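At position 41 of the sequence shown (counting the first as 1) the number is 41 in full-length UniProt numbering, and the numbers step up by one without a gap.
The structure appears below as structure tokens.
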Amino acid sequence: MQETAKLFFPPADVIRPALGRAGFLGSLYDLRRDTFVTGNIFKKELTDDVVNITHTNEIDFTYDHENNFSSILKTLNVKGDFKINILCSLTATHVVTRIRWGANILLSFETDVHDESNRRQIEANLKVSLEKLGRIASVDTLLDVKGMDDKAINFERIRIKIAGDIKPETLPSTVIEAAQLISQVPRLIEKINRGKGKQLEFTLCPIDEVSRQLGVHRDFRISTHIRSIDNALIRLIEQEFDELLRDVQQTNRVIDAVNDFSEFLPAKECSAVRRQKVRLDQNMDRFRGHLIQLLVEYRSMTTAENNDHVKNKIETILYEQREKSERDTSEFLKMSQAIVDKIDVISRVQSAGGIRCLRRGETLPWRDTGRMLVLQINTACIENHSSFMQQFQQFIRLRDTAATSDKFFFVDLDTTQLKDTENCLKDTTIVHYKDGKVNSVDRE
Numbered sequence: 001m002q003e004t005a006k007l008f009f010p011p012a013d014v015i016r017p018a019l020g021r022a023g024f025l026g027s028l029y030d031l032r033r034d035t036f037v038t039g040n041i042f043k044k045e046l047t048d049d050v051v052n053i054t055h056t057n058e059i060d061f062t063y064d065h066e067n068n069f070s071s072i073l074k075t076l077n078v079k080g081d082f083k084i085n086i087l088c089s090l091t092a093t094h095v096v097t098r099i100r101w102g103a104n105i106l107l108s109f110e111t112d113v114h115d116e117s118n119r120r121q122i123e124a125n126l127k128v129s130l131e132k133l134g135r136i137a138s139v140d141t142l143l144d145v146k147g148m149d150d151k152a153i154n155f156e157r158i159r160i161k162i163a164g165d166i167k168p169e170t171l172p173s174t175v176i177e178a179a180q181l182i183s184q185v186p187r188l189i190e191k192i193n194r195g196k197g198k199q200l201e202f203t204l205c206p207i208d209e210v211s212r213q214l215g216v217h218r219d220f221r222i223s224t225h226i227r228s229i230d231n232a233l234i235r236l237i238e239q240e241f242d243e244l245l246r247d248v249q250q251t252n253r254v255i256d257a258v259n260d261f262s263e264f265l266p267a268k269e270c271s272a273v274r275r276q277k278v279r280l281d282q283n284m285d286r287f288r289g290h291l292i293q294l295l296v297e298y299r300s301m302t303t304a305e306n307n308d309h310v311k312n313k314i315e316t317i318l319y320e321q322r323e324k325s326e327r328d329t330s331e332f333l334k335m336s337q338a339i340v341d342k343i344d345v346i347s348r349v350q351s352a353g354g355i356r357c358l359r360r361g362e363t364l365p366w367r368d369t370g371r372m373l374v375l376q377i378n379t380a381c382i383e384n385h386s387s388f389m390q391q392f393q394q395f396i397r398l399r400d401t402a403a404t405s406d407k408f409f410f411v412d413l414d415t416t417q418l419k420d421t422e423n424c425l426k427d428t429t430i431v432h433y434k435d436g437k438v439n440s441v442d443r444e
């Protein structure tokens, strides 16, 4: 759906994606900072006779596997100077004259892979499946998946996350269900804002042009001087932010893993990693703030000489931040390597099945009668990877041949202190308990 004020505007109008921002016909907009300014040129709400409403019914389906700033902004139709404003968090010289309504929805498909060739195969299969289902889902009917090849479009252990303007009635758990959700978007929009949905896009006209057509005196104190950012600088900033994103993604993966497994990890180590991540984020915020100031200064310059001076300063802080980000990320990954290795071990044990991992502060069921086998580790044990793998494989063999009444546990002595056990292990051990007492200990 589109709402348009009944005025004639030249073809030089500017299009800006809404990206969650709210505006109205006549809203004032500062194009230098890409943000709305308080006030409305029409002074009062427009009546229906001066507003054109055009109903459209279409679904645009886009597949993105690159997962960087460039691809995301392209998908959202963010171009030119607006790219830089979004990347730098910049918050008018123009007036909103058309609003496009509807809904944006983002579906993220995630899975864990440890083999590069397997990752490429899953990515290729997922791309083919999504593009195929996307073409079907982009028609004005509910998706009919009967008779489709489930093997080609279903993936084991895939996690689907949803973000955007639509609240689905049920969360999809398969690729087919995700495509069905896409086909249901028009119906779901009917439940939002009296059928209009959310604001997707604003068309902006220079405030002088609107004032001229309305025959009103322009009393809005907004400078009309805007220097566009040249394409070379836009590409440089975009490229640098893509590189910075890779660093952020690496650190975020560590933090996500720490949060997912925090109940099995030492609290002190988790806190240290989180504090270091906060410092990295603060450094990034300071960089963005500095870049914002320089970009506003750049776009407000009236002479080429001053403009080149500011451009050089922008290029300098971009290169400096790149080097600093690489150094800080490397240090972060190095200091968090021990906890990442421990998470990998815990994940491996959980995936094996039939083994209960004790949480931080939890203890063994000492009162239970019968036989318990406990795989014990600490940070020092994990550093000796070959020893751990040998003992872990032996533990799995014991599990596979054990009686049904036997119980198997995994214990990290950095988080749980067992009776009659000191956290001084150098190698992974398997402790056999009988009726709550140590019966034997297997060492490498």
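Positions of the beta carbon are idealized from the N, C-alpha and C atoms, including for glycine.
If you're wondering where the values come from, they're calculated on a predicted model, not measured in any experiment.
Assigned secondary structure, residue i (DSSP; H/G/I helix, E/B strand, else coil)
| i | result |
| --- | --- |
| Ala163 | strand |
| Asn378 | coil |
| Arg286 | helix |
| Gly354 | coil |
| Leu265 | coil |
| Asp308 | helix |
| Thr329 | helix |
| Thr428 | coil |
| Asp442 | strand |
| Ile189 | helix |
| Arg360 | coil |
| Thr251 | helix |
| Ile229 | coil |
| Asn259 | helix |
| Thr174 | coil |
| Arg367 | coil |
| Glu240 | helix |
| Gln417 | coil |
Own chain residues within Cβ distance below 8 Å of residue i, not counting five before or after
| i | result |
| --- | --- |
| Ile396 | Ala352 |
| Val441 | Thr429, Ile430, Val431 and His432 |
| Arg274 | Ile255 and Val258 |
| Ala103 | Gly164, Asp165, Ile166, Val185, Leu188, Ile189, Ile192, Gly197, Lys198 and Leu200 |
| Leu236 | Glu315 and Leu318 |
Span separating the alpha-carbon of residue i from that of residue j
| i | j | result |
| --- | --- | --- |
| Val349 | Cys357 | 8 Å |
| Arg246 | Arg194 | 41 Å |
| Ser300 | Ser183 | 45 Å |
| Gln282 | Gly289 | 11 Å |
| Thr415 | Phe388 | 18 Å |
| Thr316 | Asp260 | 38 Å |
| Asp427 | Val310 | 59 Å |
| Arg367 | Asp344 | 31 Å |
| Ile162 | Pro186 | 17 Å |
| Arg100 | Asn306 | 38 Å |
| Asn439 | Leu265 | 28 Å |
| Thr203 | Lys268 | 52 Å |
| Glu243 | Met284 | 13 Å |
| Leu181 | Leu291 | 40 Å |
| Leu413 | Asp328 | 31 Å |
| His385 | Leu398 | 20 Å |
| residue 445 | Ser325 | Absent from the structure is residue 445, since the part of the chain shown begins at 1 and ends at 444. |
| Val248 | Gly436 | 47 Å |
| Ser405 | Val374 | 14 Å |
| Asn118 | Ile176 | 22 Å |
| Ile229 | Gln121 | 40 Å |
| Ser129 | Arg443 | 49 Å |
| Gln417 | Gly361 | 8 Å |
| Asp115 | Asn125 | 15 Å |
| Val278 | Tyr298 | 30 Å |
| Leu333 | Thr251 | 7 Å |
Own chain, CB closer than 7 Å to residue i, minus 5 neighbours either side, in chain order
| i | result |
| --- | --- |
| Met372 | Leu364, Lys407, Phe409 and Tyr433 |
| Leu107 | Ile160, Ile162 and Ala178 |
| Ile382 | Asp341, Lys342, Val345 and Phe388 |
Paired residues, beta bridge with residue i - DSSP
| i | result |
| --- | --- |
| Gln199 | Trp101 |
| Asp412 | Ile377 |
| Phe109 | Ile160 |
| Met372 | Lys407 and Tyr433 |
Closer than 8 Å: residue i CB and nearest the ligand MN heavy atom
| i | result |
| --- | --- |
| Ile292 | Annotation note on the ligand MN: not contained in the displayed structure, which lists no ligands. |
Cβ neighbours of residue i in the same chain (closer than 6 Å, five flanking residues each side left out)
| i | result |
| --- | --- |
| Phe287 | Gln321 |
| Val411 | Leu358, Val374 and Gln376 |
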